[in-house]
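Student: Those letters in the sequence shown? Residues 13 to 308, by our numbering. By construction, the Cβ of each residue, glycine as well, lies at the ideal position given by its N, Cα and C atoms. As the structure is a computational prediction, the values presented were derived from the model and not from experiment.
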Amino acid sequence: MEYWNMLKTASPLGLLLDVDGPIASPVTRTIATPSILTDLIALAAANVPIAFITGRSAAFIREQVVTPLREQGLPLTFRMYGVCEKGAVWFPIGVDGMGDVVVDASVALPDAVVDELRQLVHDEFADTMFFDETKQAMVSVEQRTDVDSRAYKARQPAFNEAAFSILVRHGLGVSFEDRVSADASGAVPFRLDATIISTDVESVKLDKNHAAERALAFFAEGGPLPQLWRSVGDSRSDYRMADHLHEAGYDVAHVDVRPLDGMLTRPYPIIVMGDQIHDEAGASFLDYWVTKLGLR
């Protein structure tokens with residue numbers, strides 16, 4: 013009875029969280045700050061709906077997020093969800109871990125292109141980057157953790173150029189920054205998205221506003237939604253989580269944990285955590301809300 017009463021009462025807060033940056037360290041690619049785990053669990057136990065909206069794979073979230081949370085001790089009842097690969101993969105998260113993983117195969121790259129991109133990394137770029145074999149719909153090529161960031165950044169432009177050429181050679185419409193190459197029908201269904209630690213090759217249908225919409229639909233099935241939301245991320249594309257919440261009529265602010273990349277102008281508040289960035293800022297943000305909600 014207590015569980016159902018909890019679900020009938022809207023939480024005072026909802027969270028949409030990017031993973032790389034605000035939750036997982038971009039250096040170690042793990043949750044390196046212990047308080048992040050304990051604060052996520054405290055918020056979950058208070059019925060705060062928490063969605064991880066990420067470009068990471070389901071396998072990554074299982075290993076680096078869900079398993080550590082379970083080891084810390086998740087509550088028996090809570091609302092938590094994962095939307096991975098920027099909207100191509102989704103699943104519920106419960107006390108027993110991740111539920112059924114759904115993959116939208118309609119947005120996947122052709123197998124022949126995936127194979128050629130994998131071979132490109134193996135043959136020419138394995139000294140600084142690796143092909144993420146856990147992705148199920150998009151392609152991600154990521155900086156090796158044993159490689160200096162400057163060495164990776166020096167090689168990343170050459171990989172981006174070669175990957176762009178592969179898609180063009182296969183007749184796929186693709187864009188990257190200000191370059192556009194349409195397919196035979198004039199369409200541009202794919203794009204390259206370069207970050208500080210990776211390059212993603214993905215469908216243009218994948219974006220965090222659509223991922224946020226999916227997460228909210230899932231939470232709505234479990235009970236009333238809060239009116240107040242916070243989204244947290246480290247890239248400009250993460251603002252789209254808050255864009256969806258704002259357009260849907262919620263009271264939202266976005267927390268930018270890497271504002272030096274350039275803060276966007278939006279009709280809702282943008283929050284920075286002082287001089288803190290990445291998971292240090294993410295940890296302070298979670299600590300603030302655990303304290304504000306009286307959960308300590």
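(1) Would you mind sorting ALA293 into buried or exposed? The rule is 16 or more other CB atoms within 10 Å of its CB.
(2) Is the beta carbon of ALA227 less than 8 Å from the beta carbon of ALA63?
(3) CB-CB under 8 Å to ALA196, same chain, minus the five flanking residues each way: which ones, in chain order?
(4) When DSSP builds the beta bridges, which residues end up paired with GLN84?
(5) With respect to the beta strand (DSSP E) encompassing ALA206, which residues constitute its N-terminal and C-terminal limits?
(6) Where does ARG308 fall in DSSP's three states?
(7) Please say whether ILE43 and ALA54 have beta carbons closer to each other than 8 Å?
(8) What runs of the alpha helix (DSSP H), each 4 residues or longer, lie entirely inside the stretch 144-206?
(9) Where LEU240 and LEU132 are concerned, what is the direct C-alpha to C-alpha distance, given to the nearest angstrom?
(10) Below 7 Å CB to CB, which residues in the same chain sit around ARG308 once its five sequence neighbours on both sides are set aside?
(11) Throw me the rounded Cβ distance for the ALA295 and ILE73 pair, which I believe falls under 8 Å.
(12) Of the choices VAL269, GLU225, TRP102, SER23, whose alpha-carbon is the least far from that of ASP255?
(13) The alpha helix (DSSP H) that contains SER69, what's its start and end?
(14) Count the C-beta pairs between the stretch 274-286 and the stretch 235-254 that are closer than 8 Å, then say yes if the count reaches three, no if not.
(15) Roughly how many angstroms separate the alpha carbons of PHE231 and THR45, rounded to a whole number?
(16) For HIS222 and GLY99, I'd like the C-alpha separation in whole angstroms.
Tutor: Walking through what the data contain:
(1) With 16 or more other Cβ atoms within 10 Å, it is buried.
(2) Going by C-beta atoms, ALA227 is nearer than 8 Å to ALA63.
(3) Excluding positions up to five away in sequence, the list reads GLY183.
(4) Bridge partners of GLN84: none, in fact.
(5) Run containing ALA206: 202-206, per the beta strand (DSSP E) assignment.
(6) Residue state, collapsed to three classes: coil.
(7) No; because the gap between Cβ atoms is not below 8 Å, this pair is not in contact.
(8) Within the stretch 144-206, the runs of alpha helix (DSSP H) at least 4 residues long that lie entirely inside it are, in chain order, 161-181.
(9) Their backbone Cα atoms lie some 46 Å apart in a straight line.
(10) The answer, listed in chain order, is VAL302.
(11) Contact flag wrong, Cβ pair sits at about 19 Å.
(12) Ranked by Cα distance from ASP255, the first of VAL269, GLU225, TRP102, SER23 is GLU225.
(13) Counting along the chain, no alpha helix (DSSP H) covers SER69, and no H or E run does either.
(14) As far as the Cβ criterion goes, the stretch 274-286 touches the stretch 235-254, which means the pair count is three or higher.
(15) Roughly 27 Å separates the two Cα atoms.
(16) Answer to the nearest angstrom: the Cα atoms are 7 Å apart.
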